[in-house]
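Some notes on the structure that comes next.
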Amino acid sequence: MGQVLDKFHGKQWREKQIRLIADKVYDRIKNQPGRPNLTFEDLYIAVLLVYNDINKRLPGPHFDPPSKEQVRAMMQDCDINFDGELDNEEFVNFICQLTSDTFIVVSQGLIITLVVAPTVAMATKRATEGVPGVGKVVQRLPNAIYASLVTLAIVMFQNSRHQI
């Protein structure tokens, strides 16, 4: 549960995650000899690697990477010194711009899960009153514990669905 709540540190958490992913990918691509910055071909490979990491590490649906045309247009926007290549800082800005929609979708999914789930839990708690055996056990649980258990179960279900 702590890992889920960790994701609500807001903008700093998101920027840290983007920076970690971007630095990892930049260092991996940059380690090719004779290339201090990323060309378009390097950049598109980096975009594919970033989206691979995003799909592995972040909860939510699968995100498809942008097309080559979209990457080329974004590269031109982020290339501050107009040399046709991106250095590390330009690459981080590129990745921030590229992933902004992705993080919004992930954040909305987490908020919905952690707000809607306790509401659903309380509705189901009242519905279990008439079920023999189960109803008495559920009614004895405090509301906060029951809501937490149902929320945890929903989060685990979502994570298991994404791992398949």
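In terms of this note's numbering, the sequence shown opens at residue 107 and continues consecutively. Every residue gets a Cβ at the ideal spot worked out from N, C-alpha and C, and that includes glycine. Computed from a predicted model, the values in this text were never measured in an experiment.
Residue i, buried or exposed, once every other Cβ within 10 Å from all chains shown has been counted against 16
i: V222; result: exposed
i: V243; result: exposed
i: A259; result: exposed
i: V311; result: The chain is shown from 107 up to 270; residue 311 falls before or after that span and cannot be answered.
Own chain, CB closer than 7 Å to residue i, minus 5 neighbours either side, in chain order
i: E196; result: C184, D185, I186
i: I135; result: L144, D148, I151, A152
i: K174; result: Y150
i: T208; result: I160, F169
i: C202; result: I124
i: D129; result: none
Presumed contact (8 Å Cβ cut-off) between residue i and residue j, rounded CB distance
i: E191; j: N161; result: E191 to N161, Cβ: 27 Å. No contact.
i: G241; j: T234; result: 5 Å
Sub-8 Å separation of residue i and residue j beta-carbons
i: L204; j: P172; result: yes
i: R178; j: F146; result: yes
i: D170; j: I127; result: no
Coil, strand or helix - residue i by DSSP
i: L258; result: helix
i: L247; result: coil
Same chain, Cβ closer than 6 Å to residue i, neighbours up to 5 away in sequence not counted
i: V131; result: A152, L155, V156
i: N194; result: Y132
Nonlocal neighbours in the same chain, by C-beta distance under 8 Å from residue i, ignoring five residues either side
i: A227; result: Y252, A253, L255, V256, T257
i: D189; result: N143
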